[in-house]
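Its first residue numbered 264, the sequence shown is counted upward by one per residue in this note's numbering.
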Amino acid sequence: MRSLLALLPLVLLACSGDDNQPSAAADAGSDAEETSADTFEAGPGTSCTSARDTAVAPVDKVSTSVVKIISDEAGVKTLFIDATAGGSSSAKSNPWVYLKLSTGTRVDLTDKQAFDSPDWDLAFKRPVIHTNSGDAGPGGGGARFLAGKAFDAVTVADVTSLKVETWFDAECQPFLDAIGSIKTTFDSWYTYEASTSKVMPKAGTFAVRGATGDLYKLEIQTYYGTDTGGTTGASGNYVIKYAYLGKLPK
Numbered sequence: 264m265r266s267l268l269a270l271l272p273l274v275l276l277a278c279s280g281d282d283n284q285p286s287a288a289a290d291a292g293s294d295a296e297e298t299s300a301d302t303f304e305a306g307p308g309t310s311c312t313s314a315r316d317t318a319v320a321p322v323d324k325v326s327t328s329v330v331k332i333i334s335d336e337a338g339v340k341t342l343f344i345d346a347t348a349g350g351s352s353s354a355k356s357n358p359w360v361y362l363k364l365s366t367g368t369r370v371d372l373t374d375k376q377a378f379d380s381p382d383w384d385l386a387f388k389r390p391v392i393h394t395n396s397g398d399a400g401p402g403g404g405g406a407r408f409l410a411g412k413a414f415d416a417v418t419v420a421d422v423t424s425l426k427v428e429t430w431f432d433a434e435c436q437p438f439l440d441a442i443g444s445i446k447t448t449f450d451s452w453y454t455y456e457a458s459t460s461k462v463m464p465k466a467g468t469f470a471v472r473g474a475t476g477d478l479y480k481l482e483i484q485t486y487y488g489t490d491t492g493g494t495t496g497a498s499g500n501y502v503i504k505y506a507y508l509g510k511l512p513k
């Protein structure tokens, strides 16, 4: 049983400037607990509630950021997601954007409500992304990065296990990356190009399990997107594409 220990305030990457270099960890969410991809179990959420509140600093308002379906063809959705959170200097006072993958729409929840809600699958804020699982929420979600695997080539057979959000150890101490941010299942989804001061997605595809057990493949195309699918937007504007892979047994 995790004890509820007081934590010093953490500076999350979501609340810092994008000019900071990201974690050098090679494997996304390397401290996360693993779960078999062919079994589904929703969890009770975290037992480290006080530690999570200190670390994440939930905002008591609902995001009004734009989530737009750019295209929906042959089972593949392409979305624009404004996760700018008011810019890097204002991110701490702005909420996460919660996404439901089955519909490609924003879920209107405060951060506190999201901790207890099974109605969302992914959360976005600046360059940080997490699933509805483990320490992040009560869902049965999870993710795994399939490095170098092209989106079109990914099938359900490629997904043998997933990682759930494991932000704290048994003592409720946080797992941190190289710059002091909590590690998520999407940790190190990008590289930082010093020459351009830009965040660039790594080559590969994420396998993502939604909160209720649906399995998807997902590719992050850009962090500088526009609502028409371009790549000339401000930082924090994602363009992603994803497709449904199958329903996992409960």
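By construction, the Cβ of each residue, glycine as well, lies at the ideal position given by its N, Cα and C atoms.
For residue i, the residue or residues it bridges with in DSSP
| i | result |
| --- | --- |
| K461 | E456 |
| P236 | No answer is possible for residue 236: it lies beyond the span of the chain, which begins at 264 and ends at 513. |
| V329 | The partner list for V329 (beta bridge, DSSP) is empty, contrary to what the question assumes. |
| R369 | L362 |
| D335 | K340 |
Boundaries of the alpha helix (DSSP H) in which residue i is found, first to last residue
| i | result |
| --- | --- |
| T312 | 312-319 |
| F378 | 374-378 |
Unbroken beta strand (DSSP E) run spanning residue i, endpoints
| i | result |
| --- | --- |
| D421 | Note, D421: premise wrong, no beta strand (DSSP E); not H, not E. |
| L439 | From DSSP, L439 is part of no beta strand (DSSP E); its letter is neither H nor E. |
| I344 | 339-345 |
| S391 | The amino acid at residue 391 is misidentified as Ser; the sequence shows Val. V391 -> beta strand (DSSP E) spans 391-394. |
| K446 | Per DSSP, K446 belongs to no beta strand (DSSP E) and is neither H nor E. |
| E482 | 477-485 |
Residue i to residue j span [Cα, whole Å]
| i | j | result |
| --- | --- | --- |
| A474 | T491 | 28 Å |
| T495 | R472 | 30 Å |
| V462 | D398 | 26 Å |
| W430 | F438 | 6 Å |
| A287 | I442 | Note on A287: pLDDT 39, under 50, position unreliable in the model; no value is reported. |
| D371 | D477 | 20 Å |
| A348 | N500 | 10 Å |
| Y479 | Y507 | 4 Å |
| V325 | E336 | 30 Å |
| L409 | S396 | 19 Å |
| T418 | S498 | 31 Å |
| D379 | N357 | 19 Å |
Cut-off 8 Å between Cβ atoms - residues of its own chain near residue i, not counting five sequence neighbours on either side
| i | result |
| --- | --- |
| A413 | T468 |
| V330 | L342, F343, I344, D345, V360, L362, G367, T368, R369 |
7 Å Cβ shell around residue i - same chain, five flanking residues per side excluded
| i | result |
| --- | --- |
| K375 | P321, D323 |
Own chain, CB closer than 6 Å to residue i, minus 5 neighbours either side, in chain order
| i | result |
| --- | --- |
| P381 | P401, G402, A474 |
| L364 | D384, G473, Y479 |
Indicate whether the contact test is met: 3 or more Cβ pairs, each with one atom in the region 387-397 and one in the region 433-453, closer than 8 Å.
A contact exists between the region 387-397 and the region 433-453.
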